[in-house]
Amino acid sequence: DIQMTQSPSSLSASVGDRVTITCRASQNIVTYLNWYQQKPGMAPKLLIHAASSLQSGVPSRFSGSGSGTQFTLTVSGLQPEDFATYYCQQSYIIPRTFGQGTKVEIK
Amino acid sequence: QVHLQESGPGVVKPSQTLSLTCTVSGGSISSDGYYWTWIRQHSGKGLEWIGYISYSGFTRYNPSLKSRVTISLDTSKNQFSLNLSSVTDADAAVYYCARVIPRDSFPDAFDIWGQGTRVTVSS
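Residue numbers (my numbering), protein chains in the order written: chain Z, 65 to 171; chain H, 1007 to 1129.
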């Protein structure tokens, strides 16, 4: 299985901050990397697919980059509704695997 | 707009089979190119992919669950289902169904999710 490792596991930030979350794959996954946002008690929501493609309806303050084994999710100008847990997920091989999550909390 | 809704018993006895259904509305489950998937989340934990099925019935499963999992399509009802046999405490989780969008004709990201259904394993 491909191991997906996110860092940090949690972070504290203020509204307006620029936040970056890193996801590392245990092997090359080219750009088969997706990002999700999950709020408590709710299903995950797709933010970014194919490493850098913004899902329809997602605010442009979210962006993704990377290829191979290293990827980043950036939120430029954190908004109150962005406090949540973020997961990366590889869609390169079976089984599909997720990172352990990064919880973004209010400072 | 496509909407997914999980249904099924909230409690399953140990060693029995967990059966869940996902009803798709606002679009056809037979739409060319889409896959349909099940994912679960143990309490307070991360996400685990269970398996998916294509619009034509092709399936792939997580090897860690493969011997116990069956995912099937019912196109007449616009539903797909999950059967997980021989359940134990380790199968207690919130189960989500989701649509899988294609990339280069292969299943890629999970773009539309159901709200999730909590399953408890208890005698």
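Every residue, glycine too, gets a C-beta built ideally from N, C-alpha and C.
Are the beta-carbon atoms of residue i and residue j separated by less than 8 Å?
i: H/Tyr1058; j: H/Ile1077; result: yes
i: Z/Tyr156; j: Z/Val94; result: yes
i: H/Ser1025; j: H/Asn1089; result: yes
i: H/Tyr1040; j: Z/Ala107; result: no
i: Z/Phe162; j: Z/Met68; result: yes
i: H/Pro1116; j: H/Thr1043; result: Sequence inspection shows Phe at residue 1116 of chain H; the Pro mentioned does not correspond to that position. Yes, they are a contact pair.
i: H/Cys1028; j: H/Leu1010; result: yes
i: H/Thr1081; j: H/Gly1014; result: no
i: Z/Ile112; j: Z/Leu142; result: no
i: Z/Gln154; j: Z/Ala89; result: yes
i: Z/Phe135; j: Z/Val168; result: no
Of all the options the options, which has the alpha carbon lying nearest to the alpha carbon of residue i?
i: Z/Tyr100; options: Z/Lys171, Z/Gln91, Z/Ser78, Z/Gly128; result: Z/Gly128
i: Z/Asn92; options: Z/Ile66, Z/His113, Z/Ala114, Z/Leu111; result: Z/Ile66
i: H/Ser1060; options: H/Val1018, H/Pro1015, H/Val1106, H/Ile1045; result: H/Val1106
i: Z/Gly80; options: Z/Gly165, Z/Glu145, Z/Ser116; result: Z/Glu145
i: H/Arg1046; options: H/Ser1111, H/Val1100, H/Ser1070; result: H/Val1100
Where does residue i land, buried or exposed, given buried means 16+ other C-beta within 10 angstroms?
i: H/Asn1068; result: buried
i: H/Ser1087; result: buried
i: H/Pro1020; result: exposed
i: H/Gln1007; result: exposed
i: H/Ile1118; result: buried
i: H/Asp1114; result: buried
i: Z/Gly165; result: buried
Taking only beta-carbon atoms, is residue i less than 8 Å away from chain H?
i: Z/Gly165; result: yes
i: Z/Asn39; result: In the structure displayed, chain Z extends from 65 to 171; residue 39 of chain Z sits before or after that span and is not available.
i: Z/Gln119; result: yes
i: Z/Phe24; result: With chain Z represented from 65 up to 171, any question about residue 24 of chain Z goes unanswered, as that position is not in the structure.
Does the CB of residue i have a neighbour CB from chain Z at under 8 Å?
i: H/Leu1053; result: yes
i: H/Gln1011; result: no
i: H/Gln1085; result: no
i: H/Gly1122; result: yes
Chain Z partners of residue i, CB-CB under 7 Å?
i: H/Pro1069; result: Pro159
Interface residues of chain H around residue i at Cβ under 7 Å?
i: Z/Leu62; result: Missing from the structure shown is residue 62 of chain Z; chain Z here goes from 65 to 171 and no further.
Since residue i meets chain Z, which of its residues come closer than 9 Å, beta carbon to beta carbon?
i: H/Tyr1102; result: Ala107, Pro108
i: H/Arg1109; result: Tyr96, His113, Ala114, Ser155
Which residues of chain H have a Cβ atom closer than 9 Å to the Cβ of residue i, listed in chain order?
i: Z/Tyr151; result: Gly1052, Leu1053
So with CB distances below 8 Å, who are the chain Z contacts of residue i?
i: H/Arg1066; result: Ile158
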